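Chemist: Sharing a structure here in structure tokens format.
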Amino acid sequence: MNCLQMEENFSSYFEDTLDFNSLQIFEEHLEYCEACQKEYKLFRESVSELQQLPQDVPSPDFLSTLQQQLSQEQPAAISFWRRLYTQFVTPKWALSGGFVMVLAITGMFLYPFNFGNVNNTITDTLSKTTQSVDDKSNSVIVEESGTQSNRQTLRNNQTHLGTTFSGFSHTVSGKPMQRRYVLKQVSYSTPVTGGGL
Amino acid sequence: MAELDDKLMQQFQKGDENAFTLLVRRHQQPLINFIAKFTGDRDNAEDLAQETFIRMYKAADRYKPGRAQFKTWMYFIAKNLCKNHIRNTGRREKFRVDNVASKYNDNGENEEDIDIIAIAPADTALQPEVAIERKELRHTIQSAIAELPEQYRYPLILRDVQGLSYEEISKILELRSGTTKSRINRARLMLKNKLKPYMETI
Ligand SMILES: [Zn+2]
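Put into structure tokens, the structure is as follows:
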């Protein structure tokens with residue numbers, strides 16, 4: 005084994021993956037060759053230092069910022085149902101008496117109407133309607149986690165495209181979010197296509 | 256680990272958005288670390304990581320469980336975004352490790368300080384001068400990897416910074432394992448040669 009071949013085996017020696025025969029030849033050479041001793045020491049130290057570089061960690065609001073970005077996206081898997089609700093339920097409707105009427109009428113078919121608690125009835129009614137339309141869409145709409153509600157809130161506030169009904173009820177209670185990172189290149193707002201690479 | 260990623264992806268494909276959030280939680284740290292090391296630009300690493308996840312989110316329906324690992328896919332997208340980013344912004348002037356290292360560089364290098372490491376026993380590691388030396392060394396290493404040609408930098412970071420196996424790296428690079436191994440060895444030798452002037456003073 006000459007000095008060049010020695011270098012080719014540095015990683016294997018460092019990671020202890022040389023077979024017994026090669027290991028013997030390698031160590032024999034290393035013992036008498038000062039150049040290789042010096043080079044291998046440098047190699048070992050460099051790789052060790054590289055492996056000990058401190059890890060970069062995400063900032064605390066990385067996930068919430070991402071969720072803000074994603075709230076403007078539509079994964080292909082659920083885009084159809086998102087689109088459906090975006091078209092039919094808009095904030096304008098949500099605030100108007102007409103909207104309440106429409107839901108009240110819908111509600112009368114499926115549910116006993118309760119004047120004492122209009123909001124709950126409406127929410128329930130729409131949830132039921134959703135469920136009757138499709139199970140898949142229901143699982144998306146009825147999610148009630150904090151992050152989801154924030155996302156729905158954002159959808160209402162920023163895009164004014166519309167909202168799901170649970171989004172409407174969250175608009176009141178959802179916390180306003182801070183936006184620190186803004187992707188300049190990425191401003192996906194196409195609601196129709198599923199997107200792509 | 257990979258099976259869990261696959262399961263979460265399948266759940267997400269069925270419409271469960273929480274599954275995607277879990278995937279992000281699992282991979283955000285290694286992804287940001289990879290991007291920061293690959294571009295040498297910590298400031299933009301989070302934006303690039305966000306874009307990586309957004310692309311995965313949008314293209315999720317095209318993910319075929321079992322055919323490619325989530326991780327493989329993630330690094331593939333991230334690497335391409337990093338390459339574009341480097342091309343568009345130029346890496347060098349943006350390179351910065353951290354404030355301490357920058358301050359130290361402003362003061363200029365000092366051979367006597369560097370010698371502290373050489374003569375310091377392990378238990379002096381907490382002395383401020385030694386801490387600064389370590390930061391200086393790390394800064395030098397980051398600069399050195401940022402200067403490596405991409406075909407070497409990429410597998411080197413996956414191996415020695417991200418801790419991936421040769422098998423995983425071979426899949427990501429679509430190379431035979433022998434080629435991956437020799438490329439990583441070559442990358443390490445390049446790093447060694449770049450660090451030589453610095454290490455020899457230590
Ligand atoms: Zn030799």
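Chains A and B supply the protein sequences, listed in that same order. For the first sequence, this note's numbering assigns the number 5 to the initial residue and increments by one for each residue that follows. For the second sequence, this note's numbering assigns the number 256 to the initial residue and increments by one for each residue that follows. From the three backbone atoms N, C-alpha and C, an ideal C-beta is built for every residue, glycine too. Bear in mind that the values here come from a model prediction, so they are computed numbers and not experimental data.
When a residue counts only if its C-beta is closer than 6 angstroms to some heavy atom of ligand 1, which residues count, in chain order?
Modeler: This selection yields A:Cys7, A:Met10, A:His33, A:Cys37, A:Ala39 and A:Cys40.
Chemist: Can at least three beta-carbon pairs, one atom from the segment 441 to 449 of chain B and one from the segment 326 to 345 of chain B, be found at a separation below 8 angstroms?
Modeler: In short, these stretches do not touch, since the Cβ pair count stays below three.
Chemist: Return helix, strand or coil for aspartate 260 of chain B, following the three-state DSSP convention.
Modeler: Three-state DSSP puts aspartate 260 of chain B in a helix.
Chemist: What are the boundary residues of the alpha helix (DSSP H) that includes methionine 329 of chain B?
Modeler: Methionine 329 of chain B -> alpha helix (DSSP H) spans 325 to 344.
Chemist: Between arginine 279 of chain B and chain A, is there a C-beta pair that is closer than 9 angstroms?
Modeler: It should be pointed out that residue 279 of chain B corresponds to valine in this sequence rather than to arginine. Taking Cβ atoms only, chain A reaches closer than 9 angstroms to valine 279 of chain B, which makes this a yes.
Chemist: Considering just the uninterrupted stretch of the alpha helix (DSSP H) at arginine 297 of chain B, what are its terminal residues?
Modeler: 297 to 313 is the extent of the alpha helix (DSSP H) around arginine 297 of chain B.
Chemist: Quick one: what does DSSP say valine 61 of chain A is sitting in, helix, strand or coil?
Modeler: Three-state DSSP puts valine 61 of chain A in coil, outside helix and strand.
Chemist: Measuring alpha carbon to alpha carbon, tell me which residue in B:Ile387, B:Tyr330, B:Gln283 and B:Leu430 is nearest threonine 69 of chain A.
Modeler: With distances taken between Cα atoms, threonine 69 of chain A lies closest to B:Gln283.
Chemist: Report all residues from its chain with a CB closer than 7 angstroms to the CB of cysteine 7 of chain A; omit the five preceding and five following residues, and keep chain order.
Modeler: The residues are Cys37, Ala39 and Cys40.
Chemist: Phenylalanine 308 of chain B versus chain A: which residues are under 7 angstroms apart at the beta carbon?
Modeler: Near phenylalanine 308 of chain B (Cβ distances below 7 angstroms), the residues of chain A are Leu70.
Chemist: Nearest by alpha-carbon distance to serine 52 of chain A: which of B:Leu411, B:Ile287 and B:Glu422 is it?
Modeler: Of the listed residues, the one whose Cα sits closest to serine 52 of chain A is B:Leu411.
Chemist: Among residues of its own chain, excluding the 5 on either side of phenylalanine 18 of chain A, which ones have a beta-carbon nearer than 8 angstroms to its beta-carbon?
Modeler: Taken in chain order, the residues that qualify are Phe47, Arg48 and Val51.
Chemist: Is the segment 332 to 341 of chain B touching the segment 286 to 299 of chain B, taking contact as three or more C-beta pairs under 8 angstroms?
Modeler: At 8 angstroms Cβ cutoff, the stretches touch.
Chemist: Using the C-alpha atoms, what's the distance from glutamine 406 of chain B back to isoleucine 29 of chain A?
Modeler: When rounded, the distance between both Cα atoms is 30 angstroms.
Chemist: Is tyrosine 453 of chain B closer than 9 angstroms to phenylalanine 293 of chain B when the C-beta atoms are compared?
Modeler: Not closer than 9 angstroms, so no.
Chemist: For a test of the three-state rule: what should DSSP assign to glutamate 32 of chain A, helix, strand or coil?
Modeler: Here glutamate 32 of chain A sits in helix by DSSP.
Chemist: Using the beta-carbon of each residue, which ones in chain A are nearer than 7 angstroms to lysine 326 of chain B?
Modeler: Under the 7 angstroms cutoff, chain A gives no residues; its nearest Cβ is about 16 angstroms from lysine 326 of chain B.
Chemist: Applying the 10 Å Cβ sphere with the 16-neighbour rule, what's the burial state of phenylalanine 275 of chain B?
Modeler: The residue in question, phenylalanine 275 of chain B, is buried, as its Cβ has 16 or more Cβ neighbours within 10 Å.
Chemist: Would you mind giving the Cβ-Cβ distance between phenylalanine 289 of chain B and alanine 257 of chain B, rounded to the nearest angstrom? I have them listed as a contact below 8 angstroms.
Modeler: Not quite, the Cβ-Cβ distance comes to about 17 angstroms (not below 8 angstroms), so this is no contact.
Chemist: My output table needs one value for cysteine 37 of chain A: the three-state DSSP class, helix, strand or coil.
Modeler: Residue state, collapsed to three classes: coil.
Chemist: What is the DSSP secondary structure of arginine 322 of chain B, counted as helix, strand or coil?
Modeler: Looking at arginine 322 of chain B - three-state DSSP - the assignment turns out to be coil, as it is neither helix nor strand.
Chemist: When the Cα atoms are used, what is the spatial distance from lysine 451 of chain B to arginine 414 of chain B?
Modeler: Distance between the alpha carbons of lysine 451 of chain B and arginine 414 of chain B is about 21 angstroms.
Chemist: For a contact defined as C-beta to C-beta under 7 angstroms, what are the partners of leucine 207 of chain A on chain B?
Modeler: Residue coverage of chain A in this structure runs from 5 to 201, which leaves residue 207 of chain A outside it and unanswerable.
Chemist: Closest Cβ-Cβ distance between leucine 206 of chain A and chain B: below 9 angstroms?
Modeler: Because chain A spans 5 through 201 in this model, residue 206 of chain A falls outside it and cannot be assessed.
Chemist: My output table needs one value for glycine 418 of chain B: the three-state DSSP class, helix, strand or coil.
Modeler: Correct three-state label for glycine 418 of chain B: coil.
Chemist: Say whether chain B places a C-beta atom closer than 9 angstroms to the C-beta of glutamate 31 of chain A.
Modeler: False, the Cβ-Cβ gap to chain B never drops below 9 angstroms.
Chemist: Tell whether a beta-carbon distance below 9 angstroms holds between arginine 266 of chain B and aspartate 316 of chain B.
Modeler: The sequence given here places glutamine at residue 266 of chain B; arginine does not occur at that position. Going by C-beta atoms, glutamine 266 of chain B is not nearer than 9 angstroms to aspartate 316 of chain B.
Chemist: Buried or exposed: threonine 157 of chain A, going by 16 or more other Cβ atoms within 10 Å of its Cβ?
Modeler: Annotation note: pLDDT 37 at threonine 157 of chain A (below 50); position unreliable, no value reported.
Chemist: For the putative contact between lysine 426 of chain B and threonine 307 of chain B, defined by C-beta atoms under 8 angstroms, what is the C-beta separation to the nearest angstrom?
Modeler: That belief does not hold up - the Cβ atoms of lysine 426 of chain B and threonine 307 of chain B are roughly 18 angstroms apart, past 8 angstroms.
Chemist: Alpha carbons only, please: which of B:Ala291, B:Tyr312 and B:Arg281 is nearest the one belonging to glycine 270 of chain B?
Modeler: Nearest C-alpha to glycine 270 of chain B: B:Tyr312.
Chemist: Can you look up asparagine 6 of chain A in the DSSP assignment and give me helix, strand or coil?
Modeler: Here asparagine 6 of chain A sits in coil by DSSP.
Chemist: Please state if the CB of asparagine 440 of chain B and the CB of serine 15 of chain A are separated by a distance shorter than 9 angstroms.
Modeler: Going by C-beta atoms, serine 15 of chain A is nearer than 9 angstroms to asparagine 440 of chain B.
Chemist: Helix, strand or coil for threonine 21 of chain A, going by three-state DSSP, please let me know.
Modeler: In the structure shown, threonine 21 of chain A sits in coil (DSSP, three-state: anything other than H, G, I, E or B).
Chemist: Assign asparagine 468 of chain B to one of three DSSP states: helix, strand, or coil.
Modeler: Outside the displayed range of chain B (256 to 457) lies residue 468 of chain B, so it cannot be described from this structure.
Chemist: Between the Cα of isoleucine 396 of chain B and the Cα atoms of B:Gly295, B:Leu259, B:Ile287 and B:Leu277, which residue gives the shortest distance?
Modeler: The candidate whose alpha carbon is nearest that of isoleucine 396 of chain B is B:Gly295.
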